[in-house]
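> Handing you this structure, nothing more for now.
Number of protein chains: 2
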Amino acid sequence: MTETGKVFIVGLGPGPDKWLVPEASAALAEADALIGYKPYADRVPERAGLERFPTDNRVELDRARHALALAQAGRKVAVVSGGDAGVFGMAAAVLEAVEQGEAVWRALDIQVVPGVSAVLAAAARLGAPLGHDFCVLSLSDNLKPWEIIAKRLRAAAEGDFVIALYNPASKARPRQIFDAFDLLRETKSGETPVAFARAVGRPDERIVLSDLATADPGLVDMATLVLIGSSETRFVARPGREPWLLTPRSYGLGR
Amino acid sequence: MTETGKVFIVGLGPGPDKWLVPEASAALAEADALIGYKPYADRVPERAGLERFPTDNRVELDRARHALALAQAGRKVAVVSGGDAGVFGMAAAVLEAVEQGEAVWRALDIQVVPGVSAVLAAAARLGAPLGHDFCVLSLSDNLKPWEIIAKRLRAAAEGDFVIALYNPASKARPRQIFDAFDLLRETKSGETPVAFARAVGRPDERIVLSDLATADPGLVDMATLVLIGSSETRFVARPGREPWLLTPRSYGLGR
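Those sequence lines, one after another, are chains A and B.
As numbered in the working numbering, residues 921 to 1175 make up the first sequence, in order.
As numbered in the working numbering, residues 921 to 1175 make up the second sequence, in order.
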């Protein structure tokens, strides 16, 4: 191992450059190797001196090990995720690879660069749905059993948190979001505001506002961030535009 | 009302410019009026054409109404928060003021700009503690009764979420964080990793790593982000440095 190797774990934000933090830009400028799932790696402009290792491989641990091996060989590697790399992104995958891997990897210089997560971008687009306590869950059962997802959904409903759902559906998993809505409908009011915020900040952005009783989970895909309100969340009407979504800062103290 | 008034609600991130998103910089450059609690407003450099209305007033709704009145008069107003304005910041306060205020305010051009929230910056600093599902709670009972905070803490523990606590203590509220730890100790393992991440990214940053049984809530102040792990969260040792904090992406599937 040389002294110069480094791994930057970089969140690219939800898409547009206006949400890429300067520290991420600096890391991408310093790196000489780029590793990421292709749709994310493709967001980083080509430049001389930056060797690209994009992959269609969905096995994140393989990508993480590749990055660590390159850093061990002295490379400065940027490992990129969409949104924030710490929220269902590559930060955990890289540190899992460190934990399981060669002892020398623990001495590598690894820096996690925070980013704008999808839930924060969606919240800003919708108004202020996260003005009070909230939970963030991934609905993917690739890495956890459905039972723990169901347990957490029940706990989030019991705590009356605003609930943000990542990875709500994919072609291989079209049913979880229906099951999740069925479960939440058992305990939460049908009038609870719901938002489907798809591809926020990108050209194919689509916002659907609804309520828990009538929301159609069939509109949800992998690029959709699903927000389900607390008992205090409400819409604030605007003339000629979609309403704002607001969870006020106070709770249970009357309006 | 002129056609040119606008309100930008801007999260400045946790402190350093490296975490200020370009959209926030652009909004601050376009604004001709700046409103914010003084410690946040002071972070925005002075420049000709930007009139400052800093305040020591802790009543956020007053600040929000001031911003809306200025925008109604044609001003371009930047309302600033630390971190992300949507997470216990000014976005909810401004939309509450819209909801309660003059009908014409609903037609104002209001834009929420997302930012790097304290929890994301702390997570990046610590490793990957948010690699799996998590909850974000404010411990302040200024705007909600303690009973709802306790209910949510119990639900978060029941769901085995990673728990991030904002506003854990202040001079006026020194006891809540002790009560919260007492409550969590009833149900969660004493070996659960705990992190106190104070002022991450700022000169007075201080990180304390511990576990639920032995963590001292007396170390916590208003600038501290408290992270409490799930049953899967663990430390990953590094030679000569503090360990990483990791919540792996998988759950209940063995290591």
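We put the beta carbon where it would ideally sit given N, CA and C, even for glycine.
1. Anyone know if the C-beta pair for A/Val-927 and A/Val-1007 falls short of 9 Å?
2. May I ask which residues mark the beginning and end of the beta strand (DSSP E) holding A/Glu-1162?
3. Spell out whether any CB of chain A is found under 9 Å from the CB atom of B/His-1052.
4. What is the DSSP secondary structure of B/Asp-937, counted as helix, strand or coil?
5. Quick check on the burial criterion: 16 or more other C-beta atoms within 10 angstroms. Buried or exposed for A/Val-979?
6. B/Glu-1078 CB to nearest chain A CB: under 9 Å?
7. Please state the DSSP three-state secondary structure of B/Gly-1172.
8. Ignoring anything shorter than 3 residues or poking outside the stretch 1075–1103 of chain B, list the beta strand (DSSP E) runs there in chain order.
9. With DSSP collapsed to three states, give me the class of B/Glu-1111.
10. Indicate whether the contact test is met: 3 or more Cβ pairs, each with one atom in the stretch 963–970 of chain A and one in the stretch 954–963 of chain B, closer than 8 Å.
11. Compare the Cα-Cα distances from B/Val-1120 to each of A/Arg-1126, A/Glu-1106 and A/Pro-1034 and report the closest residue.
12. According to DSSP, is B/Leu-932 part of a helix, a strand, or is it coil?
13. Which first and last residues belong to the alpha helix (DSSP H) in which A/Arg-985 is found?
14. Relative to the alpha-carbon of A/Arg-1169, which residue among A/Glu-1162, A/Arg-1154 and A/Pro-1159 has its alpha-carbon at the smallest distance?
15. Using a Cβ-Cβ distance cut-off of 9 Å, determine whether A/Lys-996 contacts chain B.
16. According to DSSP, simplified to helix, strand and coil, what is A/Leu-998?
17. Would you identify the three-state DSSP class for B/Ala-1157, choosing helix, strand or coil?
18. Whose C-beta lies closer than 6 Å to the C-beta of A/Val-1156 among residues of the same chain, with five residues either side of it excluded?
19. Can you tell me whether DSSP reads B/Ala-953 as helix, strand or coil?
20. Measuring CA to CA, which of B/Val-1128, B/Ser-1151 and B/Ala-1041 is closest to B/Arg-1105?
21. By DSSP's criteria, B/Leu-1147 is part of a beta bridge. Which residues make up the other side?
This is what the structure gives:
1. no
2. 1161–1166
3. yes
4. helix
5. exposed
6. yes
7. coil
8. 1082–1086
9. coil
10. no
11. A/Pro-1034
12. coil
13. 980–992
14. A/Arg-1154
15. no
16. According to the sequence shown, residue 998 of chain A is Ala rather than Leu. Here A/Ala-998 sits in strand by DSSP.
17. strand
18. Pro-1163, Trp-1164 and Leu-1166
19. strand
20. B/Ser-1151
21. B/Ala-1084 and B/Ala-1115
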